[in-house]
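Just so you know, the sequence shown maps onto residues -12 to 698 in my numbering.
The C-beta atom is built at its ideal place from N, Cα and C for all residues, glycine as well.
Step one of this worksheet: look at the structure below.
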Amino acid sequence: MNPAPEHDPDRTDPIPQEGRRVFGRYVLLEIVGEGGMGVVWRARDEKLDREVALKFLPERVRRDPEAIRELKRETRRCLELTHPNIVRVYDFVEDKVAAAIAMEYVPGKSLSALKAARPGGCFDAADLLPLLRQICDALDYAHRKARVVHRDLKPANLLVTDKGVLKVADFGIARSLRDTHSRQTGEERGASGTLAFMGPQQLESKGKPAPEDDIYALGATLYDLLTGKPPFFGADIFTEIRVATPAPLAERRAELENSGAPIPVEWERMVLACLAKRAEARPRSAGAALAMLGRAPSPGDTTAKIPVERKSMEPSGATAATEGGARVQTERPWRFGRRVLRRRRWLSWAAGVLVGAAVATVVAVLWPGGEEGTGLPPVSDEEAKGFLVIVDPPDTGAHVWIGTQANIPVPPGGRALLRGLPDGELELTVQAPGFHAINTRVTVKNGRGVEEVKLVAVRGAVEVVAREGTVVTAIDVRAQEMRVGTVPAGGVLAAEHVLMVGAYTFRFAHPDCAPAEQRAVEVHAGQVAKLTPTQQALPGSLRVVSVPAGAEISINGSRVGVTPATLPDQPSETPLVVEVRARGYRRLTQTLTLRPKERRTLDLGTLTAGGMGGIALRLAPAEARWDDTKVKIDGRTVEVQRSRAGAHPRIDNLEAGPRAVEIAHPDYEPWQQAVTVREEEQTVVEATLRPRPGRLILRATPKELVLTVNG
């Protein structure tokens, strides 16, 4: 493999990499958020010497002219928002291979993440009060001065710095991305915004966006922060938003088993007023909602004393959770011989740049730490004799190119010791399957040095069409499992930037179906792997009971037993035609459909007597003798009865319904006909038999005799 070609610093890569320069001015530092609506990088603006957040648009959005026009329009509108409690939007940047929105970088956490970290699972009103003042100030400014409506206000878009300053993010941008996604995929969302925080008017998209939409979202946000859940989150959320009344806050908090200081009556009234179904019944502004509390904070008290962890921390468990539900595996101590090299963990919070609905607002980034003051992992005496390349994560099958040494495999543990390198500045390239190639320059002195390389995974997208509630798991070639997600209502799970590129086995688990699996599925960067598993519904069980017992049971035309009978392993979710018949009783037929794993009893009660009839046979020609005749009904030979001499033969005690009659006589051709037997009647059947062809044998003397037949 040849070394990577020299990189043009002013060209944007289709797949951005750490340390690269994009759009001619931004140097990418780290990924701080990723989801279905884009990837967010913390970057350095070299022209203005400041850190920014760059939200890269998904490829399908970048190639959509209508989406780009809408995002540029929203960006221009957001440029007018210059409030200290609103995240600043700086620019819309694009070139031939990528497009992104540059905005203010806010190091902090979202209120959604802060809520999840609280012991009681929700906020106390006293803690929210200074934050609420800042939210209301920002909304009043946007509504009255800038004439801009947020349309997607929710806890995930409310960011708090370590100094307690609140910033409202996402004015219009996430909404535009979500609308584009709906238009491209055909998903019916019905409105712009996040469903659980939308009012009835926004849900039905009636009229232009109005400040009253944000007032409802403010109430839903406070309801969520004070109780632990938004006002409505059930299966039929559309109907609930339109007509249902939310439960009192204290009652909802108790239902969720969350705890905290009692919710003041003033807060309860204000939140429910914001959630009024009619827009005109809500507070006229965010400031008016704040005034309903009757004890708004003093003008000087605009910051919140919310603890935000910023420094090193040692998680006690095996995983650290992000707000979006993804988990980052923390490493166990690395052991080399008898020496234990422990990693220090940091959680770098960059929630301020998250503008996509599906982008996590808290990103846990792990990197190794070393001995005090070095910032690098410890180096053994042997490793100090050469140039050490430390690859994180280890065991990825990485290879190293440096100087004249090419394609050097990195051994297990992720530490490659290179000897014989010349002194000076050298180009270092590290490549691993499923990760972006890393190119950097390193300095070698006396043949020694240490360079740590953090690999960034290349990720692809997966779309799963399956039953709602199906849990999708991916297993890579190293037998490591990762939960992709659960198929939502609508039956389509779209997971972007979740799996590294490579081959996977996908497993699909649903409580109503047998486990399903798809093997050798390739996930590629920039492509969507579409999966449609075959999910076989689990069978059910059917018990059939009748009086009298002993009735014959048939299902879909096949005989399966006699009553009473328990019939296991009956197919579910498909119609079953159950037929019960007993001699002397009417035949009974019922059609039913079992649910997966259902155990159902079909009690037919007492069967109705009757349902019997007969057939009276008339043969032609008259010469046909009944003594030599055999009759079959539905393939079974039956006895022909004659009550008196000269009477037509008959067959009694036949079940009513269609029957197949066959007559066989040695002197005649076989005869058959379909006959309908009627209850309590003798159905007359006339059978005209055709004689079989005969043979005529003549013997005469003399042989010259002349024979004439029929003239």
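- Message: Checking 7 Å against the spacing of the C-beta atoms, do Pro142 and Thr214 come in under that value?
- Response: no
- Query: Is it the case that the Cβ atoms of Ala385 and Ala419 are separated by a distance below 7 Å?
  - Reply: yes
- Message: Rounding to the nearest angstrom, what Cα-Cα distance links Ile462 and Pro399 in this structure?
- Response: 21 Å
- Query: Which residue from Arg546, Val155, Ala100, Gly447 puts its Cα closest to that of Leu140?
  - Reply: Val155
- Task: With distances taken Cα to Cα, identify the nearest neighbour of Glu61 among Ala40, Ile542, Ile88.
- Result: Ile88
- Mind listing, in chain order, the continuous alpha helix (DSSP H) runs of no fewer than 4 residues lying wholly within the stretch 52 to 109? Those alpha helix (DSSP H) runs which fall completely within the stretch 52 to 109 and span 4+ residues are 52 to 65, 98 to 104.
- Distance CB(Val700)-CB(Val27) smaller than 7 Å: A query on residue 700 cannot be resolved here, the shown segment of the chain reaching from -12 to 698 and no further.
- Query: Using 8 Å as the threshold, is the stretch 556 to 565 in touch with the stretch 524 to 534, meaning 3 or more CB pairs across them?
  - Reply: Yes, they touch.
- Between the beta-carbon of Leu404 and the beta-carbon of Ile389, is there less than 7 Å? Not a contact, by the Cβ cut-off of 7 Å.
- Query: Does the distance from the C-beta atom of Thr148 to that of Gly95 stay below 7 Å?
  - Reply: yes
- Have a look at Glu626 and Glu455 and give me their C-alpha separation to the nearest angstrom. 59 Å
- Message: So for Asp211, helix, strand or coil by DSSP?
- Response: helix
- To the nearest angstrom, how far is it from the Cα of Val366 to the Cα of Arg402? 10 Å
- Task: Just the C-alpha distance for Ala237 and Pro45, rounded to the nearest angstrom, thanks.
- Result: 41 Å
- Leaving aside the five residues before and after Leu694 along the sequence, list all residues of the same chain whose C-beta is less than 8 Å from its C-beta, in chain order. In its chain, beyond the 5 residues on either side, Leu685, Ala687 have a beta carbon closer than 8 Å to the beta carbon of Leu694.
- Run through DSSP, which three-state label would Lys441 get? In the three-state DSSP reduction, Lys441 falls in the strand class (E or B).
- Item | Burial state of Gly598, where buried means 16 or more other Cβ atoms lie within 10 Å | Buried: at least 16 other Cβ atoms inside 10 Å.
- Item | Cut-off 6 Å between Cβ atoms - residues of its own chain near Glu649, not counting five sequence neighbours on either side | Within the same chain, Glu649 has close Cβ partners Lys619, Gln659.
- Message: Quick check: Trp613 and Pro645, are their CB atoms within less than 7 Å of each other?
- Response: no
- Query: Under 7 Å, do Ala503 and Val510 count as touching if we go by C-beta distance?
  - Reply: no
- Query: Does the beta carbon of Glu504 sit closer than 7 Å to a beta carbon anywhere in chain C?
  - Reply: Annotation note: the requested chain C is absent from the structure, which comprises a single protein chain.
- Query: Three or more beta-carbon pairs under 8 Å between the stretch 193 to 205 and the stretch 73 to 90, yes or no?
  - Reply: no
- Query: Once you ignore the five residues that flank Pro251 on each side, which residues in its own chain have a CB closer than 6 Å to its CB?
  - Reply: Ala112
- Message: Using DSSP's beta-bridge definition, name the partner residues of Tyr13.
- Response: Val9, Asp32
- Item | Outcome for Thr426 when other beta-carbon atoms lying within 10 angstroms are tallied against a minimum of 16 | The displayed chain sequence assigns Asn, not Thr, to residue 426. Buried, by the Cβ-count rule.
- Could you pull the start and end residues of the beta strand (DSSP E) that Leu529 belongs to? 527 to 534
- Looking at Gly447 and Leu408, is the spacing between their C-beta atoms short of 7 Å? No, the Cβ-Cβ distance between Leu408 and Gly447 is not below 7 Å.
- Task: Report buried or exposed for Thr578, applying the criterion of at least 16 other Cβ atoms within 10 angstroms of its Cβ.
- Result: exposed
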